[in-house]
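Residue numbers (the working numbering), protein chains in the order written: chain D, 1 to 115; chain P, 1001 to 1115; chain E, 2001 to 2115; chain G, 3001 to 3115. Glycine included, each C-beta is placed from N, C-alpha and C at the ideal position.
Number of protein chains: 4
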Amino acid sequence: MDDLERLRDELRAFSAARDWDQFHSPKNLAMALAGEAAEILEIFQWLTEAQSRAPDEKARAAARDEIADVLLYLIRLADQLGIDPLAEAKRKLGENAKRYPADKSRGNARKYTDL
Amino acid sequence: MDDLERLRDELRAFSAARDWDQFHSPKNLAMALAGEAAEILEIFQWLTEAQSRAPDEKARAAARDEIADVLLYLIRLADQLGIDPLAEAKRKLGENAKRYPADKSRGNARKYTDL
Amino acid sequence: MDDLERLRDELRAFSAARDWDQFHSPKNLAMALAGEAAEILEIFQWLTEAQSRAPDEKARAAARDEIADVLLYLIRLADQLGIDPLAEAKRKLGENAKRYPADKSRGNARKYTDL
Amino acid sequence: MDDLERLRDELRAFSAARDWDQFHSPKNLAMALAGEAAEILEIFQWLTEAQSRAPDEKARAAARDEIADVLLYLIRLADQLGIDPLAEAKRKLGENAKRYPADKSRGNARKYTDL
């Protein structure tokens, strides 16, 4: 069992203990996930890119919390859909490596719409 | 090394090979992450909650791709900030367990603003 | 001068008086706009569709504030880009009317990805 | 009747002609609005702030379309909630003027979390 599967099982138990599955439809979890991702935006929206690369401790602490929330909702959403997020991320990264050949994509601002 | 750390290292190599670190400021990655999270929204926005619990294959395939993109950008963003997303998610889940006692939170629509 | 142009001019004066134009790049305003739009998500994410059609006074008050914030940032962003949001909305609505003929689109869940 | 009220009425007729009111719950419209706002993010996410202040024609055209979509969904959402977006924006701007006194807020990066 990988690390995300362990966290997935803890989230299942957490939700079951509170009878929250009724609220955890993919539709609702997608909204919660987007909301948490937007809270990360708010940390950096008035910082320059350079400032965002060296955030102060308050911004770093906020980023730690929001990154955690995004990961938790992402795992929960994937579980409700029967999707393995780690396997899909590995697959997608492999596809991106083919899609953006290193030699053709180097420093190319038109090509990095994917990681 | 955990699974997300392995993926983090692959993303570092992927970005280095393309000279994309210059574009991967936390500010820019936060924007890309929020954009990918919003693409998950678009899959479910016109579905009922019940429909979102039983998506057709086209919606499921889209969800697999977008969940992968969110995880990849989240890992990349966390890496650029020196944050361990798995450790933070475990910490946050522990805090949420204290914040939402099972007996007091059961089926309570006012309390599930966190997982 | 239309209503949004009047508000645009008030926002210009508001920002000039505070020397905030330096922070109001389209990139930053796009982040602020997406952040405010996501705050509307958070109002409705745990409500059913039916509940969202009859929100309580607390939810309605929150919606009033967030809708205002989205409109203010949208006008400010459009102004920084030299875009007339009202003219573009009228144009887009006209295009959507052609794109989704009433007779072919009636009640069609596949077609209403645009208003 | 102000400009947004006219557009509101056109959107009502547009939706009624297609029998789309059934899909236009505030919950669904909030998701569509956040999705469109995120599409504006994607236009600027890999541009520097300076580049975002002078976008090329392709980026400008995309911004015109997405700004239009955000305004249309915002008006539609506000209508479904019985909210007057223009009146609320004027109110909120007045509140912000009090909240951020010009003399105290000038160039102050800690204070411009609102316009």
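- Within the same chain, 2043 come within 6 Å of residue 2062 (chain E) by CB-CB distance, once the 5 residues on both sides are set aside.
- Secondary structure at residue 3083 (chain G): coil, using DSSP grouped into helix, strand and coil.
- One finds 2034 in chain E with Cβ atoms closer than 7 Å to the Cβ of residue 1034 (chain P), taken in chain order.
- Counting along the chain, the unbroken alpha helix (DSSP H) around residue 51 (chain D) starts and ends at 49-53.
- The beta carbon of residue 46 (chain D) falls within 7 Å of a beta carbon belonging to chain E, placing the residue at that interface.
- In the DSSP assignment, residue 3018 (chain G) falls within the unbroken alpha helix (DSSP H) covering 3003-3018.
- In this structure, the beta-carbon distance from residue 1059 (chain P) to residue 18 (chain D) does not fall below 7 Å.
- Annotated as proximal: residue 64 (chain D) and residue 1088 (chain P), with beta-carbon spacing under 7 Å.
- Contact annotation, residue 3046 (chain G) with residue 1108 (chain P): C-beta distance approximately 42 Å; criterion of less than 8 Å not satisfied.
- Under a 10 Å Cβ-count criterion, residue 92 (chain D) is classified as buried, with 16 or more other Cβ atoms of the shown protein chains found around its own Cβ.
- In chain order, 21, 24 and 76 place their CB closer than 8 Å to the CB of residue 15 (chain D), counting only its own chain and leaving out the 5 sequence neighbours on each side.
- The contact set of residue 2008 (chain E) on chain G, defined by CB atoms closer than 7 Å, is empty, because the minimum CB distance reaches about 11 Å.
- Taking a C-beta distance under 7 Å as the contact criterion, residue 3030 (chain G) and residue 2041 (chain E) qualify as a contact pair.
- Residue 2056 (chain E): not part of any alpha helix (DSSP H); DSSP gives it neither H nor E.
- Taking C-beta separations shorter than 8 Å and ignoring five residues to either side along the sequence, the partners of residue 1073 (chain P) in its chain run 1029, 1032, 1033 and 1036, following chain order.
- The residue from P:1098, P:1104 and P:1082 with its alpha-carbon nearest to that of residue 57 (chain D) is P:1082.
- Residues 86 of the same chain have their beta carbon placed closer than 8 Å to that of residue 2 (chain D), with the five preceding and five following residues left out of the count.
- Taken through DSSP and simplified to helix, strand or coil, residue 1101 (chain P) comes out as coil.
- With fewer than 16 other beta carbons inside 10 angstroms of its own, residue 1050 (chain P) counts as exposed.
- Between residue 2079 (chain E) and residue 2008 (chain E), the gap from beta carbon to beta carbon is short of 7 Å.
- Cβ-Cβ distances below 7 Å link residue 2069 (chain E) to 2036 in the same chain, with the five nearest sequence neighbours on each side left out; the list follows chain order.
- The beta carbon of residue 3011 (chain G) is closer than 8 Å to those of 3072, 3075, 3076 and 3079 in its chain, skipping five residues each way along the sequence.
- Under the DSSP assignment, residue 3028 (chain G) falls in the alpha helix (DSSP H) whose first and last residues are 3026-3044.
- In the structure shown, the three-state DSSP call for residue 2106 (chain E) is coil.
- Residue 2095 (chain E) is outside the set of residues whose beta carbon lies under 7 Å from a beta carbon in chain G.
- Rounded to whole angstroms, the gap between the alpha carbons of residue 3026 (chain G) and residue 1066 (chain P) is 24 Å.
- The beta carbons of residue 1038 (chain P) and residue 3038 (chain G) sit about 3 Å from each other, so the pair counts as a contact at 8 Å.
- Counting only the Cα atoms, residue 2048 (chain E) lies some 13 Å from residue 1052 (chain P).
- Residue contact with chain P for residue 3 (chain D): present (Cβ-Cβ distance below 7 Å to some residue of chain P).
- Excluding five sequence positions before and after residue 4 (chain D), the CB atoms of its chain that fall closer than 7 Å to its own CB belong to 75, 85 and 86, given in chain order.
- In this structure, the straight-line span from the alpha carbon of residue 3090 (chain G) to that of residue 2090 (chain E) is close to 22 Å.
- Contact annotation: in the segment 51-76 of chain D, no residue has its CB less than 8 Å from a CB in chain G.
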